[in-house]
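Here's the structure we're looking at; comments come further down.
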Amino acid sequence: MLIAQLSDPHVVAPGTLLYGSIDTGALFAAAIRRIAGLAPEPDLVVVSGDLVNEGSPQEYARVRALLGPLQMPWQVMAGNHDDREQLEAAFPDQGFRNGGLCCAKRTMGDLSLLFLDTTIPGEEGGEIAEAQLAWLDEACDPLRATLLFLHHPPFATGIAGLDAIACRGADRLAEWLAVHCEVRALACGHVHRPMFTSFAGRPCVTAPSIAHQIVCDLSGRPDALAWCREPPGFLLHRWQDGELVSHVLPVDESPANPYD
Numbered sequence: 001m002l003i004a005q006l007s008d009p010h011v012v013a014p015g016t017l018l019y020g021s022i023d024t025g026a027l028f029a030a031a032i033r034r035i036a037g038l039a040p041e042p043d044l045v046v047v048s049g050d051l052v053n054e055g056s057p058q059e060y061a062r063v064r065a066l067l068g069p070l071q072m073p074w075q076v077m078a079g080n081h082d083d084r085e086q087l088e089a090a091f092p093d094q095g096f097r098n099g100g101l102c103c104a105k106r107t108m109g110d111l112s113l114l115f116l117d118t119t120i121p122g123e124e125g126g127e128i129a130e131a132q133l134a135w136l137d138e139a140c141d142p143l144r145a146t147l148l149f150l151h152h153p154p155f156a157t158g159i160a161g162l163d164a165i166a167c168r169g170a171d172r173l174a175e176w177l178a179v180h181c182e183v184r185a186l187a188c189g190h191v192h193r194p195m196f197t198s199f200a201g202r203p204c205v206t207a208p209s210i211a212h213q214i215v216c217d218l219s220g221r222p223d224a225l226a227w228c229r230e231p232p233g234f235l236l237h238r239w240q241d242g243e244l245v246s247h248v249l250p251v252d253e254s255p256a257n258p259y260d
């Protein structure tokens, strides 16, 4: 099973540019073309939050149109730039829990996929609170291997500006995971960089953005938060025989050159 994880496209309204210079719509379209051209093709495409930049209906309509060329199933998630009400209205087929968190669950083969909403309306940071834990209790099947997707990573990145808008309640999630061994790994967005660590004894990875990246500033300065034009990319997760391997791929494809 292959799962492509795109993240943080920050799509803006047609005719506008993010920060006056980034054509996020064109970058999203390029990522979709790359995904559509993969062989073998993914079984599922996940967009792990910050689909849009302002949360407007026009932006969500554009995201839906940009996802249109995909022939395989896809799942979108909420990020801190998303608006829950507008997200549910634009994607009524995504299995979100109406009137509450925009969480969803999918079952594929021998694997369960949980998509947890960690957003706090009006804030950039996230949270694992009682509502999130209650949903996890309801959705998690102890008899099935499970991958947990969430927008905000539950660990410190070392980039001070990102850690200022991190996920509160990570200790609650760690305690929950301690009694849920069926959760094999966690995959996140939000940080606009690929990062690899472990959390509560599980592999934990973050996806790069398919738009712009966050500068890897590990100086510890509290104002250390800036964007850059490092190449956009995405994750390709391969699940087979109970093992997960995650690859980082650039959006721009490079020709294959066979060894002589």
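In case it helps, the working numbering puts the sequence shown at residues 1 to 260.
The beta-carbon is built from N, C-alpha and C at its ideal position, and this holds for glycine as well.
The structure presented is a predicted model; accordingly, all values stated were derived computationally and were not measured.
Query: Sub-8 angstroms separation of ALA211 and LEU27 beta-carbons; Result: yes
Query: ARG106 (DSSP reduced to helix, strand or coil); Result: strand
Query: Opening and closing residue of the alpha helix (DSSP H) in which ILE120 lies; Result: Run containing ILE120: none; DSSP gives neither H nor E here.
Query: Cβ-Cβ distance between ILE159 and ASP217 below 8 angstroms; Result: yes
Query: GLN86 and PRO57 closer than 8 angstroms at C-beta; Result: yes
Query: Other residues of its chain near ASP43: CB distance less than 7 angstroms, five sequence neighbours each side excluded; Result: MET1, LEU2, ILE3, MET72 and MET108
Query: Buried/exposed call for GLU182, threshold 16 Cβ in 10 Å; Result: exposed
Query: Straight-line gap, VAL191 to GLY79 (C-alpha atoms, nearest Å); Result: 11 angstroms
Query: For PHE28, three-class secondary structure by DSSP; Result: helix
Query: Assumed close pair HIS81, HIS10 - CB separation to whole angstroms, cut-off 8 angstroms; Result: 7 angstroms
Query: Opening and closing residue of the alpha helix (DSSP H) in which LEU67 lies; Result: 57-67
Query: Whether LEU148 touches LEU114 by CB criterion (8 angstroms); Result: yes
Query: Element boundaries [beta strand (DSSP E), containing GLN75]; Result: 74-76
Query: Distance CB(ALA170)-CB(ILE214) smaller than 8 angstroms; Result: no
Query: Cβ-based burial, VAL179 [other Cβ within 10 Å; buried from 16]; Result: exposed
Query: Option nearest HIS247 by Cα separation, candidates ASP137, GLU124 and PHE234; Result: PHE234
Query: C-alpha distance - GLU175 paired with ALA156, whole-angstrom precision; Result: 17 angstroms
Query: Local conformation of ILE159 per DSSP, three classes; Result: coil
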